[in-house]
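A.B. asks: Okay, so the sequence shown: first residue is 130 according to our numbering, each after it adds one. Quick reminder that beta carbons are idealized off the backbone N, C-alpha and C, glycines included.
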Amino acid sequence: MKAARNGTKDGLEKTRLAMIRKVSFLQRKDSTGEGKDDAGYMDVSVCELKHPPPQLCPMPEGLSSQQVVRRLILSSIVQSESSYLDSLKRILQEYQKPLLEPQNWILSPKKVRQIFYRLPEIHQCHSMFQIALASRVAEWDHSEKIGDLFVASFSKSMVLDVYSDYINNFTNAMTLIKKACLSKPAFLDFLKKKQASSPDRITLYGLMVKPIQRFPQFILLLQDMLKNTPQSHADRLPLQLALTELETLAEKLNEQKRVADQEAEIQQLAHSVGDRTFNKLLNPEQRQLIQCELLTEIVYGDNGQVLKSKERKVFLLNDTLICANVNLKGPPDISSLVPVGPKYTVKWLAPLLQTQVVEVGQDSLQSRDSVITGRRRSSTTSTTGKVFLGPPRLYQELEELQHDLAVVEEVSLLVGTLHGTYQNLNTTVSQDWCLALHRLIRLKEEEIQNANKCRLRLSVPGKPDKSGRPVSIMVVLNTPSPLSKISWVNRLHLAKIAQRHENAPGWECAEEDGKTKAPFSFPLLTCKLPVFSPQTLKLQAALHSPSQSSLLGFCTASTSLPQGYLWTAGGGGVSSHGQLEIFSLNRATPRLVKTIPLRSSILCLEYVKEPCPSTEEEAEKAQNAAKMGNIICVGLQDGSIHVYSSVDTAVQCLLTLVNPDNSPVLCLKHSLSFLFAGLANGKVAAYQRKSGERLWDLDSCRLVSLGSEPVCSLLTLEDAVWASCANQVFVIQVPSLHTQGFEAHPDPGCSVSHMVRSGGGVWMAFTSGSSLQLFHTETLEPLQEVNISTRTAHLTPGQVCVSSLLVCQGLLWVGTSQGIILTFPVPTLEGIPKITGKGMTSLNAHCGPVDFLVSTSSTLASDLLRRDSILNSREEGVNGEGGGGAGSKGDDGGPRLEQSNKPYNSEAHPPREQKPKRLLLQYRLHSTCQLPGKLLTAQPDQGSLRAPPDSLEHSPEDGSIYEVSEDPDVWVRGRPVEWGREGEARRNKVTSTAVVSGGRGYRRVGQTAPAYSSENTLLVWQLPLAFSQ
130 MKAARNGTKD GLEKTRLAMI RKVSFLQRKD STGEGKDDAG YMDVSVCELK HPPPQLCPMP
190 EGLSSQQVVR RLILSSIVQS ESSYLDSLKR ILQEYQKPLL EPQNWILSPK KVRQIFYRLP
250 EIHQCHSMFQ IALASRVAEW DHSEKIGDLF VASFSKSMVL DVYSDYINNF TNAMTLIKKA
310 CLSKPAFLDF LKKKQASSPD RITLYGLMVK PIQRFPQFIL LLQDMLKNTP QSHADRLPLQ
370 LALTELETLA EKLNEQKRVA DQEAEIQQLA HSVGDRTFNK LLNPEQRQLI QCELLTEIVY
430 GDNGQVLKSK ERKVFLLNDT LICANVNLKG PPDISSLVPV GPKYTVKWLA PLLQTQVVEV
490 GQDSLQSRDS VITGRRRSST TSTTGKVFLG PPRLYQELEE LQHDLAVVEE VSLLVGTLHG
550 TYQNLNTTVS QDWCLALHRL IRLKEEEIQN ANKCRLRLSV PGKPDKSGRP VSIMVVLNTP
610 SPLSKISWVN RLHLAKIAQR HENAPGWECA EEDGKTKAPF SFPLLTCKLP VFSPQTLKLQ
670 AALHSPSQSS LLGFCTASTS LPQGYLWTAG GGGVSSHGQL EIFSLNRATP RLVKTIPLRS
730 SILCLEYVKE PCPSTEEEAE KAQNAAKMGN IICVGLQDGS IHVYSSVDTA VQCLLTLVNP
790 DNSPVLCLKH SLSFLFAGLA NGKVAAYQRK SGERLWDLDS CRLVSLGSEP VCSLLTLEDA
850 VWASCANQVF VIQVPSLHTQ GFEAHPDPGC SVSHMVRSGG GVWMAFTSGS SLQLFHTETL
910 EPLQEVNIST RTAHLTPGQV CVSSLLVCQG LLWVGTSQGI ILTFPVPTLE GIPKITGKGM
970 TSLNAHCGPV DFLVSTSSTL ASDLLRRDSI LNSREEGVNG EGGGGAGSKG DDGGPRLEQS
1030 NKPYNSEAHP PREQKPKRLL LQYRLHSTCQ LPGKLLTAQP DQGSLRAPPD SLEHSPEDGS
1090 IYEVSEDPDV WVRGRPVEWG REGEARRNKV TSTAVVSGGR GYRRVGQTAP AYSSENTLLV
1150 WQLPLAFSQ
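1. Would you report the Cα separation of residue 1154 and residue 1121, rounded to the nearest angstrom?
2. Under the DSSP definition of a beta bridge, which residues are partnered with residue 693?
3. Going residue by residue through the segment 578-655, where are the continuous beta strand (DSSP E) segments of at least 3 residues, counting only ones entirely within it?
4. Can we say the segment 795-804 touches the segment 814-825, given the rule of at least three CB pairs closer than 8 Å?
5. So who's on the other strand from residue 479, going by DSSP bridges?
6. Using 8 Å as the threshold, is the C-beta distance between residue 585 and residue 612 below it?
7. Report all residues from its chain with a CB closer than 6 Å to the CB of residue 812; omit the five preceding and five following residues, and keep chain order.
8. By how many angstroms is the C-alpha of residue 928 removed from the C-alpha of residue 479?
9. State the CB to CB distance for the pair residue 706 and residue 728, rounded to an integer number of angstroms; the pair is presumed to be in contact (CB under 8 Å).
10. Do three or more CB pairs link the segment 200-215 to the segment 381-392 at distances below 8 Å?
11. Of all the options 857, 868 and 890, which has the alpha carbon lying nearest to the alpha carbon of residue 876?
12. To the nearest whole angstrom, what separates the beta carbons of residue 896 and residue 880, a pair I think is in contact under 8 Å?
13. In three-state terms, what does DSSP make of residue 725?
14. Taking the alpha-carbon positions, what's the residue 93 to residue 846 distance?
15. Taking contact to mean at least 3 C-beta pairs separated by less than 8 Å, is the segment 414-425 in contact with the segment 616-624?
16. With distances taken from CA atoms, which of 704, 483 and 1142 is nearest residue 599?
17. Suppose contacts are defined by Cβ-Cβ distances below 8 Å. Is residue 900 in contact with residue 885 by that definition?
18. Beta carbon of residue 843, beta carbon of residue 849: below 8 Å?
19. Return the chain-ordered list of same chain residues with a C-beta closer than 6 Å to the C-beta of residue 280, the five sequence neighbours on each side being excluded.
20. From 940, 971 and 937, pick the residue whose C-alpha is nearest to that of residue 949; which is it?
21. In the structure shown, what three-state DSSP assignment does residue 964 receive?
22. So, does the segment 190-209 touch the segment 250-269, judging by three or more C-beta pairs under 8 Å?
23. I want to know whether the segment 218-227 touches the segment 240-253 - three or more CB-CB distances under 8 Å.
24. Would you decide whether residue 556 is buried or exposed? Buried here means 16 or more other CB atoms lie within 10 Å of its CB.
25. What does the alpha-carbon distance come out to for the pair residue 194 and residue 184?
26. Does the distance from the CB of residue 690 to the CB of residue 1151 come in under 8 Å?
27. What span of residues does the alpha helix (DSSP H) with residue 777 cover, start to end?
28. Per the DSSP calculation, residue 736 is bridged to which residue(s)?
29. If we call anything under 8 Å between Cβ atoms a contact, is residue 672 one with residue 696?
30. In the DSSP assignment, what residue or residues form a beta bridge with residue 1151?
31. Taking residue 894 as part of the beta strand (DSSP E), name the residues at either end of that continuous run.
32. Nearest-angstrom Cα distance between residue 1108 and residue 349?
33. Excluding the five sequence neighbours on either side, which residues of its own chain have a C-beta within less than 8 Å of the C-beta of residue 305, listed in chain order?
34. Given 8 Å as the limit, is there contact between the segment 791-802 and the segment 771-778, that is, 3 or more CB pairs closer than that?
35. I need the DSSP call for residue 269, collapsed to helix, strand or coil.
36. Closer than 8 Å is the cut-off here; do at least three beta carbon pairs connect the segment 619-627 with the segment 589-597?
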């Protein structure tokens, strides 16, 4: 203040900063309300007499079915837009206008404008769109074009600006409404009256959320329109471009909404706590919110019974895990009109790197030097030792079964020493007992796993005990669904990987893009892996051979790389032979499991996917083909193609294909009925699949000559194959093999080296130059050209070319001759995959060219997503088919079935008294009456009561051995998913994805390459699990 009185410029600046810190209303000028520059927006009123709303004329006769469907979709677009405009008018006319009238000044005009910020501009944009739409609808039967209208209307920057401002302000607007409802009863009454008088009873919140939902609705309608537009139609390309524009716009708005929601969530947590140290922890510039969700914390007693369960809000930041108590109390009148944010009380927080997810059965893996305690209430004072959290009764029953198995195995050995022959006491019966116990043990293990599908067990650090030993506290949290638990386990795993040196930072992007990037939008470098040691071979190719592993635990499947095997191929270099190295991906780090030497250098690989069966006959063929395993084709320098079958680590060569010219095989691609091989002599060899078989006919080779230069790249589309030869690309029609060529580059010496397809476009790279070009898959027109050397400062212009190309999960990966990898966002729908962003540069690079980029992807087993699948199946088996024995009666005429098959509810108190359960030790035997020997029983001879040999009904002597009867054959590993009945498994799909790059050595961009830079190296990037329906 003294400096301010002296009048110096520095003093005035200090005063301004001091006042901003102290006075709330001087804090950072709000980007909403008055004072915002609205240049470019004019308040234009649309006269409905001059511009009537769009209306379709009666449907003319003679239209095709597709034209009829397109008219119906257009009608849906018109109705949807009209309804949306009506909603915007209601907000402005029924809410904003009355609140701004001087006689109704319930709120200040500034607050009213902040609440309805940018809604007038959004209304103006869509009013202009409706005028253009009316003109296009009027001439629909002559032009039938709508795509270009969407491109012209929604590709303007002002549309993104007004929607971005609205979405960024949405949380603030809801907060203002909530505060006004609490402090201004007249405002609350105003909202109630408006809702009560509206015909649809929709709230102000329900109206204001519609702009957020608008573009996803447009995308769905345009997708339907595109599906019903033939390829030759003039509206086809404009519709694809419109989809691209809308998807890009929706993606940017979603990102901004995510950032706004994240900031609001962290601010809510910070305001609830009010602790200065804690507020520093939540500094948005240093920490990002990765995930937050309402979970239920369970507190157990000594015997595993639930003593307490409480709802908690768990926040996962990039380096901290926070658990908070939730207080959702609020006035019910307000809650029905606008969402009321909760208040939080922090219960505990833990550093992420010291937090462990504990899988069922992994308690023993905890450090022996630490004391493990549970969040439980106990009558004892001891807190040391291992605590079974979850359903302890299941663990105890598993131990009892394992003990019984050991005893029965000893009994089986003693039975084998009997001198007499007895029907119901012999080695066959005793072995059946052992098999039945093995089955019960497997069922119990799966029952334990099912009981923990929604139970997240975390080991978090506590305060050291009196002796200074570290203490780990086990926290058990119930998730709403198995999907939720999978998401938490995966995010916790990736958040730890993100803390590693190579990922902090791992990518460089434009500053404005980095501010709005989601925490895991950057692929995370998981591991570096040496291959082909010693260095006599050069990396040539790689592929992913998917394989489901039923042995992986729930948490392991959520954190491991995509399940299956990574095949890497080497050849060339100083050696004339080739080699395959196969790595298992069923863990967090790949592991070498097999090496296959070959007589010739390997140049390419191809994994042959099987088409989805559409009929029962095809399904049966597919089941038989599955026994053959995955089919992998290997192209060699000597012109041969080896066709391998792979079942786990067992690999067998089934077939060797040769081309008449013995020309080296540079690339391989397959279609439904053909295998195509690009040859070094400028020809494409096509091998036709045998009728009704999975392999190709040796004598079916047909050669398609394209030119004199090598065929460097092949790409399969729906009914054609694209093949590159020099600067030309030829479209080979299937099955006629007729060709149509077009020029991809004006320079004949610049050959097309790589082609990848995304949506309705194909990206191409060339042997020289740093440009990428995009071509339309239908018209073959060039659509975009991008020079990658101008997108980053780490590439040397004029000395770089593209060495590999990949499209994976909305990213175009570009490997360069300088070892640096770039990624560009591209649309993922059926539109045109134009590059719109500035891209990202990986700071983890190879020391030489990036030889290949390969995506690995697998879908998590569907039984991981279902609750109690085995238990439900067991109920089906007992009560439905195969359960005939369950209804059999004992000697007293009463039912024998005394074992309850209901899933164990770990959160219910165990009953005080239970009759001891009696289990059926039966696996394959339905009856012992067919076994040789006499019946060993104390009862008199009842031979007349025996059932016929072919009958499955149990006779009395069986009752002296077996107490309960169940289907003996079905429930060993559980049933496969019945997709028509298992709704949850049908709807939910969890995809694990990773990207592998191969090249020479490893380096950090901007640092000197290490001495071992000549070593062949794989870099593995992991992406977050993708959840879809």
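C.D. replies: On the basis of the coordinates in this document:
1. Taking the straight line joining both Cα atoms gives about 5 Å.
2. DSSP, once it has assigned bridges, lists 675 as partnering residue 693.
3. Taking 3 residues as the minimum length, the beta strand (DSSP E) runs contained wholly in the segment 578-655 are 584-590, 600-607 and 636-638, in order along the chain.
4. Yes, since at least three Cβ pairs between the segment 795-804 and the segment 814-825 fall closer than 8 Å, the two stretches touch.
5. According to DSSP, which records beta bridges pairwise, residue 479 is partnered with 450.
6. Cβ distance not < 8 Å, so residue 585 and residue 612 don't count as in contact.
7. Correct list, in chain order: 832 and 834.
8. Straight-line Cα distance between these residues: approximately 49 Å.
9. About 6 Å; that satisfies the 8 Å criterion.
10. Short answer: they don't touch.
11. Nearest option by C-alpha distance: 857.
12. Right, their Cβ atoms sit about 5 Å apart.
13. Residue 725: strand per DSSP, three-state reduction.
14. In this structure the chain extends from 130 to 1158, so residue 93 is not present and cannot be described.
15. Contact check between the segment 414-425 and the segment 616-624: three or more CB pairs, one atom from each, fall below 8 Å, which counts as touching.
16. Nearest to residue 599 by C-alpha distance, out of 704, 483 and 1142, is 483.
17. The Cβ-Cβ distance between residue 900 and residue 885 does not fall below 8 Å.
18. No. Outside cutoff.
19. Excluding sequence neighbours, residue 280 sits near 370, 371 and 374.
20. Closest in C-alpha terms to residue 949, from the list 940, 971 and 937, comes 971.
21. Three-state DSSP puts residue 964 in coil, outside helix and strand.
22. Three or more beta-carbon pairs drawn from the segment 190-209 and the segment 250-269 are found closer than 8 Å, and the two stretches are therefore classed as touching.
23. Flag = yes, the segment 218-227 and the segment 240-253 touch.
24. With fewer than 16 neighbouring CB atoms inside 10 Å of its own CB, residue 556 falls in the exposed class.
25. The straight-line gap from Cα to Cα measures roughly 21 Å.
26. Contact annotation: residue 690 and residue 1151 have beta-carbon atoms nearer than 8 Å.
27. Residue 777: not part of any alpha helix (DSSP H); DSSP gives it neither H nor E.
28. According to DSSP, which records beta bridges pairwise, residue 736 is partnered with 761.
29. Yes, the pair counts as a contact, with Cβ atoms nearer than the cut-off.
30. Residue 1151 is bridged to 653 and 1123.
31. In the DSSP annotation of this structure, the continuous segment of the beta strand (DSSP E) that includes residue 894 starts and ends at 890-895.
32. Reliability of the predicted coordinates at residue 1108 is poor, the pLDDT of 31 falling under 50, and the value obtained from them is presented with this limitation in mind. Going from the Cα of residue 1108 to the Cα of residue 349 covers about 25 Å.
33. Here the set comprises 240, 243 and 244.
34. No: the two stretches stay apart, fewer than three of their Cβ pairs being nearer than 8 Å.
35. In the structure shown, residue 269 adopts helical secondary structure according to DSSP, grouped into three states.
36. At 8 Å Cβ cutoff, the stretches do not touch.
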